[in-house]
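Trainee: This is the structure I want to talk about, given as structure tokens.
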Amino acid sequence: DQQVKQNSPSLSVQEGRISILNCDYTNSMFDYFLWYKKYPAEGPTFLISISSIKDKNEDGRFTVFLNKSAKHLSLHIVPSQPGDSAVYFCAAKGLGSARQLTFGSGTQLTVLP
Amino acid sequence: NAGVTQTPKFQVLKTGQSMTLQCAQDMNHNSMYWYRQDPGMGLRLIYYSASEGTTDKGEVPNGYNVSRLNKREFSLRLESAAPSQTSVYFCASSEVANTEAFFGQGTRLTVV
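Sequences listed follow chains A and B, in order. According to our numbering, the stretch in the first sequence is residues 749 to 861, in order. According to our numbering, the stretch in the second sequence is residues 151 to 262, in order.
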């Protein structure tokens, strides 16, 4: 039973346009959410995070939105660049039984020049 | 500034062989994790250690054992390797709750 779900295995966008990656979660104990980026043959690297007390967090071209009532978060990349092509993982953690960092299955983003 | 270091980077084992994957972090983090990555499955937690002296099972612990040797080091052992354990293994570490985890470069393991 996947507690963190990324339903789109892949996404292609044109350079300069917006990329929107989506993530859904089921465990209401999660209170901290993260996005990681992964290039082939490398470990995942942290991109941006958001606490459940917020509904938006921005860092340069990257913005994460959290909708707690829908148990949904999204990552917006504006403008998208070819170097953004990678696998993006959504992850979540919380207290008690949810304290382990749980990942989604990832979305392969391809930014076309 | 090494961060999280995993050894080895690549390994081929025969079914039934044993081996230990090593992980060390130099960030003085309390928590350490072992994940495996398989196509279409994302990163699945094998074991984690919330602090020195404690270890807990994750989502897919069967066939593995771990040792939190000290605050820096967290090893993963396969006692009798099986082809189903062919995967890419990642070690990670983090400070207390609600901070990001830092990952090593991964170990690509093939069991034949």
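Note that CB positions come from ideal geometry on N, CA and C, so glycine has one too. On a predicted model such as this, the values are computed, not experimentally measured, just so you know.
Excluding the 5 residues preceding and the 5 following residue 814 of chain A in the sequence, name in chain order all residues of the same chain whose CB lies nearer than 6 Å to its CB.
Mentor: Residue mapping note: residue 814 of chain A aligns to position 66 of the first sequence, counting from 1. So the list reads 798, 803, 821, once near-sequence residues are dropped.
Trainee: Is DSSP giving residue 844 of chain A helix, strand or coil here?
Mentor: Numbered from its first residue, the first sequence carries residue 844 of chain A at position 96. Residue state, collapsed to three classes: helix.
Trainee: Between B:192, B:184, B:204, which has its C-alpha nearest residue 212 of chain B's C-alpha?
Mentor: Translated into positions along the second sequence, residue 212 of chain B becomes position 62. Residue B:184 is the option with its Cα nearest to residue 212 of chain B.
Trainee: Could you check what DSSP says for residue 760 of chain A in three-state terms: helix, strand or coil?
Mentor: In the first sequence, the residue the question calls residue 760 of chain A occupies position 12. Strand at residue 760 of chain A.
Trainee: Who are the neighbours of residue 782 of chain A on chain B, taking C-beta pairs under 7 Å?
Mentor: Counted from its first residue, the first sequence places residue 782 of chain A at position 34. 250, listed in chain order.
Trainee: Would you verify that the beta carbon of residue 788 of chain A is, or is not, closer than 8 Å to some beta carbon of chain B?
Mentor: Against the first sequence, residue 788 of chain A aligns to sequence position 40. Judged by the 8 Å Cβ criterion, residue 788 of chain A is not in contact with chain B.
Trainee: Per DSSP, what kind of secondary structure is residue 192 of chain B in: helix, strand or coil?
Mentor: Residue numbering aside, residue 192 of chain B sits at position 42 when the second sequence is read from its first letter. Residue 192 of chain B: strand per DSSP, three-state reduction.
Trainee: Please check if any C-beta of chain A sits within less than 8 Å of the C-beta of residue 174 of chain B.
Mentor: Counting from 1 along the second sequence, the entry for residue 174 of chain B is found at position 24. False, the Cβ-Cβ gap to chain A never drops below 8 Å.
Trainee: State the DSSP-derived secondary structure class of residue 235 of chain B, mapped to helix, strand or coil.
Mentor: Indexing the second sequence from 1 puts residue 235 of chain B at position 85. Three-state DSSP puts residue 235 of chain B in a helix.
Trainee: Pairs of beta-carbons, one from the stretch 839-851 of chain A and one from the stretch 226-238 of chain B, closer than 8 Å: are there three or more?
Mentor: Contact fails: fewer than three Cβ-Cβ distances are below 8 Å.
Trainee: Mind reading off the beta-carbon distance from residue 162 of chain B to residue 175 of chain B? Whole number of angstroms is fine, and I expect it under 8 Å.
Mentor: On the second sequence, position 12 is the one that residue 162 of chain B refers to. On the second sequence, position 25 is the one that residue 175 of chain B refers to. About 26 Å separates the two Cβ atoms, so there is no contact after all.
Trainee: Just how far apart, CA to CA, sit residue 179 of chain B and residue 215 of chain B?
Mentor: Here the question's residue 179 of chain B lines up with position 29 in the second sequence. Here the question's residue 215 of chain B lines up with position 65 in the second sequence. Roughly 21 Å between the two C-alpha positions.
Trainee: For residue 244 of chain B, which residues from the same chain have a beta carbon less than 6 Å from its beta carbon, with the 5 sequence-adjacent residues on both sides left out?
Mentor: Locating residue 244 of chain B in the second sequence gives position 94, where the first residue counts as 1. Contacts found: 179, 181, 251.
Trainee: Between the stretch 184-218 of chain B and chain A, which residues of the former have a C-beta closer than 9 Å to a C-beta of the latter?
Mentor: Going along the stretch 184-218 of chain B in chain order, one finds 185, 187, 190, 191, 192, 193, 194, 195, 198, 200, 206, 208, 209 with a Cβ nearer than 9 Å to chain A.
Trainee: Is the CB of residue 253 of chain B under 8 Å away from at least one CB in chain A?
Mentor: Stepping through the second sequence from its first residue, residue 253 of chain B is reached at position 103. Closer than 8 Å to some Cβ of chain A, the Cβ of residue 253 of chain B qualifies, so yes.
Trainee: Please name the residue or residues paired with residue 773 of chain A in a DSSP beta bridge.
Mentor: Stepping through the first sequence from its first residue, residue 773 of chain A is reached at position 25. Looking at the DSSP assignment, residue 773 of chain A forms a beta bridge with A:752.
Trainee: Any C-beta of chain A sitting closer than 8 Å to the C-beta of residue 240 of chain B?
Mentor: Indexing the second sequence from 1 puts residue 240 of chain B at position 90. Closer than 8 Å to some Cβ of chain A, the Cβ of residue 240 of chain B qualifies, so yes.
Trainee: Sorted by chain position, which residues of the same chain lie with C-beta nearer than 7 Å to residue 794 of chain A's C-beta, five sequence neighbours on each side aside?
Mentor: Indexing the first sequence from 1 puts residue 794 of chain A at position 46. Within the same chain, residue 794 of chain A has close Cβ partners 782, 784.
Trainee: By the 10 Å Cβ neighbour count, where 16 or more other Cβ atoms means buried, how is residue 192 of chain B classified, buried or exposed?
Mentor: In the second sequence, the residue the question calls residue 192 of chain B occupies position 42. Label assigned to residue 192 of chain B: buried.
Trainee: Between residue 844 of chain A and chain B, is there a C-beta pair that is closer than 8 Å?
Mentor: In the first sequence, residue 844 of chain A corresponds to position 96, counting from 1. For residue 844 of chain A, the answer is no, since every Cβ of chain B falls outside 8 Å of its Cβ.
Trainee: Going by C-alpha to C-alpha distance, which of B:240, B:249, B:259 sits closest to residue 790 of chain A?
Mentor: Walking along the first sequence from the start, residue 790 of chain A turns up at place 42. For residue 790 of chain A, the nearest C-alpha among the options comes from B:240.
Trainee: Which first and last residues belong to the beta strand (DSSP E) in which residue 806 of chain A is found?
Mentor: In the first sequence, the residue the question calls residue 806 of chain A occupies position 58. Residue 806 of chain A -> beta strand (DSSP E) spans 804-807.
Trainee: What do you reckon, is the C-beta of residue 796 of chain A under 7 Å from a heavy atom of the ligand PLP?
Mentor: Ligands in the displayed structure: none, and consequently the ligand PLP is not present.
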